[in-house]
Each structure stands twice: as C-alpha cells, then as structure tokens.
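If you read the sequences in order, they're chains G and E.
Each residue of the first sequence is one higher than the last, beginning at 0 in numbering that gives the first Met the number 0.
Each residue of the second sequence is one higher than the last, beginning at 0 in numbering that gives the first Met the number 0.
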Amino acid sequence: MQLQETIDAAVAEVGTVLLGKEPQIRLALCCLFARGHLLIEDLPGMGKTTLSHALADVLGLSWNRVQFTSDLLPADILGVSVYNRNDATFSFHPGPVFTQLLLADEINRTTPRTQSALLEAMGEGQVTVEGETRPLPDPFFVVATQNPVHQSGTYPLPESQLDRFLMRLELGYPHPQAEREMFLRERSNRGERKPLRQIISQDQLLRIREAVMQVHASDNLVDYLQRLVAYTRNSPEFEVGLSPRGGLALLDCARTWAVMNSRGHIVPEDLQMVLPAVAGHRLVPSGDYAGDGAALVTLLQRNVDVIRP
Amino acid sequence: MKVEQQIPRNALVWIIISLFTLVLPHIERVPHWVLSVYVLSAIWRVMVYRGRWSFPRWPIKLGLIFAAFAGILFSYRSLIGLEPTVALLLAAFAFKLLELKERKDAYVLLFLGYFVILTEFLFSQDLLIVLLCVVNVVLVTTALVALHRPGVDSFSTRPLTKASLMVLQAMPLMLVLFFLFPRIGPLWTVPIKSQQATTGMSEFMTPGDVSQLSRSSEVAFRVEFDGAIPPRSTLYWRGLVMSRLRENTWSALDYYEVPARERRPQEPQFTGVPLRYSVIMAPTQQRWLYSLRYARSTDAGILNAADYRLFRPVIIEDDLLYRVTSWPAAQLEERLSDWRRRTELALPPQANPRVRQLAQSIAADAHDSQEIVDAVLTLFREQPFVYTLQPPLLPQQDPMDAFLFDTRRGFCEHYASVFVIMMRAAGVPARVVAGYQGGEVNPVNRTVIVHQFDAHAWAEVWIQGQGWVRVDPTAAVSPERIELGLEEALAGEGSFLADSPLSPLRYRRIDIINKLRLRYDALTYRWQSWVVGFNADTQLQLLQRWFGEFSARTFAVVILGSWALVLIPVGLVLLLRRKVHKLSKLDRLYLRFCDKLEKRGVTREAGESPSAFASRAQHQLPLMARSIADVTQRYQRLAYAGTDDSDRELDELARAVRKLN
C-alpha cells in the first residue's frame, strides 16, 4: 500500500538526522497522525529539537519555533493588537501560535501563566485574544520539549496540562553504533540546518486520518483495553489511574499504529506499543511505590492478561 | 510514619469509646481507682494526639505497672483470684492506650478488647449482660473498621453501620457453631472461685447467732414442671439434710463420713404419680442440688446421697440445668440401719436440758412416734410462739432452752432445730432439712421461680411403717409462711426485703411492674434453658434427636455438615456477587491451545499478546511452528479483525486446535 511506503519513507528521512531512533520517530509520527500534541522529554542535547524540526519538515508543515523562557508572556505566543496610526484602528499581529506546527522548546522553563496560554490552543484549536476568538490553521500541532522536571529552573507542567499531550516521548542516549556513525559524519555543521525533504503531503495526511477512522476495534480488544484501564484504577501501586480521556487516547494511538502497520484492525500489540508513550505521563505512582511512570507501564503490561478476564 | 500505619482520628475516637463501654459491665466490681486509670489514660492519649504531651517513656510505664500491681494488692489483698486478675487486666487494658502509636498497637488493644468482653461472662451470664456484651463486640469491631479507613479526620458513624452489619452477618455462623460445634472440654482449668459471697443457703445452721436475717430477692433456681404445678404448700425443695448437731450448729454428713455400706440410698417404695420437672439453678459454689422428695435424675454427674438428696461431685460454678423425676409419696428407708438410727438420734450430752426434759415427758405420755410429733406441734401451735425474721439473740449456752421457754420468737431455723432436738430426745429419729419452700409461679411461662428469700428449714422424722416423714414446725407456728409465702407471713412486721429497696419484687403490688418483672423472668428462663444450659450433654441429646443413634461417623458428618451449612451460603453469595466473566467460545479455544502448549513447556505470560506468544512458542517448538502460526492467525482474525463468516472460521479454529497434539 502506498501509505505504508510513504510512512516508511518519512521515518527513514527523519532517521537521517536522528540516528538509531526509529521506534521514537514512529511513535512521534503516530502521535501527529492521531492529531495529538507531542511532548518530548529528555536531557539537553539529546536531539529533542532535531526531532521536532525534522517532523515539521517531512510533513511539510509551516512551523514556528518559540523558545520558552521564564520571562515569556502569553502575548508573546498568542499575538497582540497594535494601534495603527494611519487608519486609527487596532490591528492584530498574530503570534507564533498561528502556524501548523508549533515547536515549543523547553516548555517547562516558562511560568505557569504562559504555559496555560497554550492550553486553549492545544485543546480547542483556537485562541481567544482580547475577547476575540481566532481559529488556528488545520492541522495544528504542538511539539513541545522539556527538560526532566528535577533540573533547576523548571516549572513542572501540571497534570491537567500533561493530559493535553497525547504522547510523551523520551529519546534516551543513542545506540553506540549510531552514535559512532554520527561522530564520524557530522563535521561542525552547527547552525546550518539542512531542511529535510517533505515526504508526506497534506493530502496524504488527510488520507492517513481517514484510514485511522476506519480501523476496527473488536470486542476482544476493547475488553483488553478496559482491563488495562481498570487495573490502573484498582491496583494499590497507582495513585492516579487512567482517565476516560486517557483510555480514548490509547485507543486512538493504537488505531493509528495499526494503520502505520497497514492493518485495518487493532491487535493487542498496537496497544502495547503505544502504551508507554501514551500512559507514561498520565499515571502517578502511589506513595509507597518505588518505581516511576515507566515502571508502572511495565507493571501494567506484565500483569494484565491479554486474553483472560 | 507511613500513612497506613497511623491511627486515623476517627479510629482513635472509637477505640476510646469502646474502651469505656468495655469497662462498663465491670464497674461495680473493680475498685474505683481502676476507673480513674481509664479516664487518665484517655486524657493522656488525647493530649498526645493534640501534640501537647508525649507518650510516656519506659521508666514511667514501669512505674505505672508497679503502681497497678500495688493497687490490686492493696484493694484485694491478693493477686490471685478472679476479681483481682480481671481488675489487673482492665487496668493493663487502659494503660495500653498509652502505647497506642501505630496501627499494630491498635490491633493488640482491640483484640485484647474482645478478650476483655469475655471476662464479663466469668461473673454473669445474665440476659442483659449478654446484650451489653454484644453491643461491646459491635463497638470494638467498629474501632477495627475505623482503623482501616485511613485519613478519616472527622468523627464518623459510618464504621458503626458497617460493624453492625458485620456482626449481624456473623450471627448465622455463630448459631451453627453454638448448636453444632462439638463442646471440647478444656485441656486445663483454673479454679475460678469467686470471692463474691453468695447469699442463700449455707452448709451450717446455727439458730440464734443472727438476730437480723437478711434475705435477698435473687433467684435461686427456676423450675419447669412437665405437667401441672403442684400446690405451693407441697413444694419443699430439699437441698441439704443436716443430721449432725455439734456445738449448737447443724451440719450435713460428708460423703466420706458415712460408712461405706450406708452410702447407697435404700431403694424406696415407689407409690403415687411421679412429677417430672427441670431445674435451672444459679451458681452456688456448692455441691448440692435442689429437688422435691424422692428425687432421681438421669443426668450425667448427678448422684443420689444416702439421705435421698441429689448432689454433684463438682462445685456448681455456672448456671446448671438438670432434669428430675420425683415421687412425693414414696416411702423412704422403711428399715433404719443401726448406724443411721444412732446418727439420727445423737444429741450432744448436757446441752439444752430443759428442752430434753420436756421432750422426755411428752414421750412418756405418748404411745407412738406420731403422737409425740403431734404433741410437739400442738405445743408450738398453742403456746405464744411468734414467727419473725428479727429474733433476739440466743445465749451460747443452751440456746434452744432459751428459745423454747423464754424468747419464743424465731424463724424456721429455730423451729426446725428445736423440733428435731425434741424428737431425738424423745427417741424418735429426726433430722433437719434445709432448702427452699414454695416459690412464685410465673403465669407467663408456667415456671416456678424460687428466690433466695424462700430459703427454709424443716424437719424429717422417721416413723415405723412410714419411713421418713416431713414435718414442718414452722407451719404450725405460722401457717401463712407455707400457704402464702414469706411476704404474707411478715405482712405485719414490714421486714420483707427490707434490705433491697430497689428489688422489683417489693413493688409487685403495682401491676405493670409485676407483669414486666414476670415477663423478663420468663425471658431469662428461656435464655438460661436454651443458651446457658446448653452444654455438651444437651447438645448430644439434640443431635441424637435429629440424627438418631450417634456414632463417630455421624459426628464427623455433623461437623462437616455444619461447616457446609455456613460455608455454602457464604460461597454462593460470593459466587453470585462476583463479576461474571464468561469466556467466549473463541477465547476458550485459544486458552485450550495455550494449555496444550503449556504441557510442552511453553507457558503464555499474562501480558503476552497472541503473536508475541506465537513467535516465542515457534522458537521453542520449531516442529509445531506451522500449526502454532495457523491457530494464532485464525484466532487473531476472529478476535480482532472482525470477520463476517465467523461461525465457519470458529469451527476451523476448533479443528486446528484439536489437531494439535
């Protein structure tokens, strides 16, 4: 199928700048195909920004990049009305949010006030400035990056805001082989970013979305999903379980993942593949539990039976 | 401290509440300082909770323990015995509040609380006490429930509802266990002789050494007749037969004081219709039982003494139920043995010379024993003798002389004693019988309630050809005492129950109080006959009635059956309330496939998806790789892809699974 090849090509294209990170690239694409916003969390210098730029390139989307700092104000993102002396009116100067793909770099370095300015944009695809609601272009994606919360100078995103991100990805250190390759190839070309080719056209993006809508989720699969969700709510290891929205997010991503694997129906592996990225930031371990969100996901995957109730 | 180890505020409140209600039934018995220990401990613990004070350190705790021991020793003059140990337990129970830091301490305290509830039954198994104990069980359970609701900071009664529900749910199990579970005798027992003085009959009778006979309204025993209740004047409940007079004191012969060949009672002549009845008596800390003459009981452990009374070799420490058959008209001991005649004629030499002289002069005029008896009774009837509960004290030297000729005021003991002395002096074998006379008929359940104030003493004389005959000299003096009871006999004196102003018996002229009293008494009777009197023997009888002859096998069946009786409904409820997860046929097929692979050593993990499992299984069982792939593909298609022609594919899957061997 064409779509499959296109997607594989897009993954390969991003892979040329982010070596050895195919699973994360696929998940990131899956998130965007599922019309979700993406949060990339890792230490500085792990390729967060590289990935987000590459995504914008291969999708051929107009993009803006905002570097979040502690003194950034909501108006710096949403835009501001400026008095025009010639015709004596206020004219709106749209902020960087009016784009198809917004790269919000180091989102947790800005104040909660500015963070929340993004909320409406992310949730509803529109912004309200000075009482006037303005629609954002379609598609509209936010790809945010953040440093791990315990780093200094960060304002951790509240759970409500984390929930707006469909997925949270961690990139991690590259494989030694990939890293070696990178060391050999890169020759101090910092600053000169070569844009990648656009692989997926707007039309193809729409078709992917249509295909996602068609994906079949069988009773057996929904049973498994419900068992997963119920486990997070009933087990003592979880302080906060998956919300209904979290469950829906899982199902959406699994659908998309199925399409990316050219299947018309979801199988349990689809759920299991997207589970860490989709559920990891939505689960909160209870006070006694030593592990973090990732450990909870492992627990969930290991303990919830795929077949047996 | 972790949250789940903390004691929630609500639980602390309930613990303190239950602590106080636990000590409530003991309140009359324990010294007052024990109660202040409760108040102080509670205050201390609350102050600890509020952060004002801190938990006591070990030197203080050690001091408190020693103080408690010293207090018990001071209050009771002993550390051994039922009351001191229970008081010590109660004090320690309160002190435990000062160690209540974590949840596990609360467990210790509350489980100890259940034990403290039980200690109350060592003293009383009264119906109201039992109800109070049930309330206590609910309260302790409430504290336990509250302990398991962390973070409840405000006082809440929700645990109470839950605990009541739990206790209610436990009731059927309790009933089954109570009625059916075998009563296993204790492996060891501690003599729990209570220091409480028991009112009622004593082993000795010394007329004249008390001037004020105090009589309580406590119930001595209750009797239920199988047929009609005989007239009150014939109800002479024999307890002790006192054949020996020594230093003005009458006493009964011990079992071993009777020569071996005299120990078995002579078989009496059975005449007349037997009376059948059952008796429930309150604990007396004595060995003798009460019955009408001539009594026989087939209950285990009840023996017949040579003087035709019933006794038990062990002390009666609990409420006791026994069944008796009596032949009131039976002739007892037609032939008197030499030893018996000597015993029943023995009098201390020189004592009471005037009484003996009078008796001998009466005997000289009489032709036979019956005439002597009649003459003495006539003497009592015609001379100005007075029946009173407040007789004057009699001198140590020859008290009966003083009574018969000077004071002439006395109660049953005086009359019985002087009568028997006169009979013996006149050569008629006679003895004093102590027991109860009469009783109150409760119209509610047709039982006879015999109170302590019905205690009585009368005489038996042996007459040739008739055997032992009952003679009640008190009846000659005060016929009302026998016909109508003590209250009427003392109507003029006002001394009836003068010591118990609160006894409801005093107010029985008020109709509603009397009715309530009788109703409650009927309830108590039922309680005692069904619950308190339910021992291993009655249990065996019950089981025999249900299951016929009893063997080890039926016993095992009954035990297992009683467990099943409880566990099957519980299991059913659990089963029905369980969320029903019925496996579809498809999943059953797939799981059968997994079972087959498991037999070959490849076990599916819970979180393993079909395809992941299949690839692992294929790797481990390469020979079956194709059929594994086949089954997995079919299953995945049916389970996830939503095919249309599922029936046919299901059959194919079934065939594929079956083929797998």
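Cβ atoms here follow ideal geometry from the backbone N, Cα and C, with glycine treated the same way.
The structure presented is a predicted model; accordingly, all values stated were derived computationally and were not measured.
**Request:** Assign Q195/E to buried or exposed, taking buried as 16 or more other Cβ atoms, counted over all protein chains shown, within 10 Å of its Cβ.
**Result:** Here Q195/E scores only 47 on pLDDT, less than 50, and its place in the model should not be relied on; the value that follows carries that caveat. The residue is exposed, with fewer than 16 neighbouring Cβ atoms inside 10 Å.
**Request:** Kindly indicate if chain G contains any beta-carbon less than 8 Å away from that of E597/E.
**Result:** no
**Item:** C-alpha distance - Y255/E paired with R308/E, whole-angstrom precision
**Value:** Between the alpha carbons of Y255/E and R308/E lies a gap of roughly 16 Å.
**Prompt:** Which residue comes first and which comes last in the beta strand (DSSP E) that contains Y82/G?
**Reply:** 78-83
**4 or more residues per run - each alpha helix (DSSP H) lying fully within the segment 93-173 of chain E** = 102-118, 126-146
**Asked** M66/G lies in the alpha helix (DSSP H); which residues open and close that run?
**Response** It is worth fixing the name first, because residue 66/G is Gln in this sequence and not Met. Where Q66/G is concerned, there is no enclosing alpha helix (DSSP H), although the beta strand (DSSP E) it sits in stretches over 62-66.
**Prompt:** Thinking C-alpha only, which one of G78/G, L72/G, S242/G is nearest P111/G?
**Reply:** L72/G
**Message:** Within the continuous alpha helix (DSSP H) that includes S250/E, where are the two ends?
**Reply:** S250/E -> not in any alpha helix (DSSP H); beta strand (DSSP E) instead, spanning 248-251.
**Request:** Measuring alpha carbon to alpha carbon, tell me which of S80/G, T88/G, T68/G, G59/G ends up nearest T98/G.
**Result:** G59/G
**Message:** Counting beta carbon pairs with one atom in the segment 129-146 of chain G and one in the segment 25-36 of chain G, are three or more of them shorter than 8 Å?
**Reply:** yes
**Message:** By the three-class DSSP mapping on this structure, what secondary structure does R603/E have?
**Reply:** coil
**Request:** Note down the Cα distance separating T49/G from K584/E, rounded to an integer number of angstroms.
**Result:** 50 Å
**Alpha-carbon to alpha-carbon, N513/E and N444/E** = Computed Cα separation, rounded: 14 Å.
**Asked** Given a threshold of 16 other Cβ atoms within 10 Å of its Cβ, counted over all protein chains shown, does M46/E qualify as buried or as exposed?
**Response** exposed
**Request:** Return the CA-CA distance between F65/E and K100/E, expressed in angstroms with no decimal places.
**Result:** Rounded to the nearest angstrom, the two C-alpha atoms are 22 Å apart.
**Request:** Keeping to the same chain, check which residues put their C-beta closer than 8 Å to that of P352/E; ignore five residues upstream and five downstream.
**Result:** D397, D400
**Item:** Beta-carbon proximity list for L195/G, same chain, < 6 Å, skipping 5 on both sides
**Value:** Excluding sequence neighbours, L195/G sits near E12, A53, D56, V57.
**Request:** Could you check how far apart the C-beta atoms of E332/E and G466/E are, in whole angstroms? I think they sit under 8 Å.
**Result:** 5 Å
**Asked** Does any CB atom of chain G fall closer than 8 Å to the CB of Y639/E?
**Response** By the rule that beta-carbons nearer than 8 Å mark a contact, Y639/E touches chain G.
**Request:** Quick one: list the residues of chain E neighbouring S217/G, beta-carbon separation under 8 Å, in chain order.
**Result:** Those are A638, Y639, A640, G641, listed as they occur along chain E.
**Request:** May I ask you to list, following chain order, the residues of the segment 581-611 of chain E that have a beta carbon less than 9 Å from some beta carbon of chain G?
**Result:** K581, L582, S583, L585, D586, Y589, L590, C593, R603, E604, A605, G606, E607, S608, P609, S610, A611
**Message:** Counting only Cβ pairs nearer than 7 Å, list the residues of chain G close to Q635/E.
**Reply:** V266
**Prompt:** Going along chain E in order, which residues have a C-beta closer than 9 Å to the C-beta of D251/G?
**Reply:** Simply none; closest approach about 17 Å.
**Prompt:** V305/G touches chain E at which residues, Cβ-Cβ below 8 Å?
**Reply:** A605, G606, E607, S608, P609
**Per DSSP, cross-strand counterpart(s) of S261/G** = Per DSSP, none; premise fails for S261/G.
**Request:** With DSSP as the reference, please indicate the residues paired to G466/E in a beta bridge.
**Result:** Secondary-structure assignment with DSSP links G466/E through a beta bridge to I462/E.
**Item:** Buried or exposed (CB count within 10 angstroms, at least 16 for buried), H31/E
**Value:** exposed
**Request:** Alpha carbon to alpha carbon, how far is L111/E from T197/E? Give it in angstroms, no decimals.
**Result:** Unreliable positioning characterises T197/E in this predicted model, as indicated by a pLDDT of 48, which lies under 50. The coordinate reading is nonetheless provided below. Taking the straight line from one Cα to the other gives about 30 Å.
**Item:** Chain-order list of residues whose beta-carbon lies under 7 Å from that of R599/E (same chain, five-residue window excluded)
**Value:** For R599/E, where only same-chain residues beyond five positions count, the Cβ hits under 7 Å are L620.
**Prompt:** At a cut of 8 Å, does the segment 158-176 of chain E reach the segment 142-150 of chain E through at least three beta carbon pairs?
**Reply:** yes
**Message:** On the DSSP letters alone, give me the boundaries of the beta strand (DSSP E) that R133/G sits inside.
**Reply:** 131-134
**Prompt:** Within 8 Å (strictly less), CB to CB, does N233/G reach chain E?
**Reply:** no
**Prompt:** Closest by CA to W62/G, which one among V305/G, L204/G, S51/G?
**Reply:** S51/G
**Asked** chain E beta carbons: is any one of them nearer than 8 Å to that of L220/G?
**Response** yes
**Asked** If we call anything under 8 Å between Cβ atoms a contact, is Q160/G one with Q203/G?
**Response** no
**Prompt:** Under 8 Å, do E343/E and P206/E count as touching if we go by C-beta distance?
**Reply:** no
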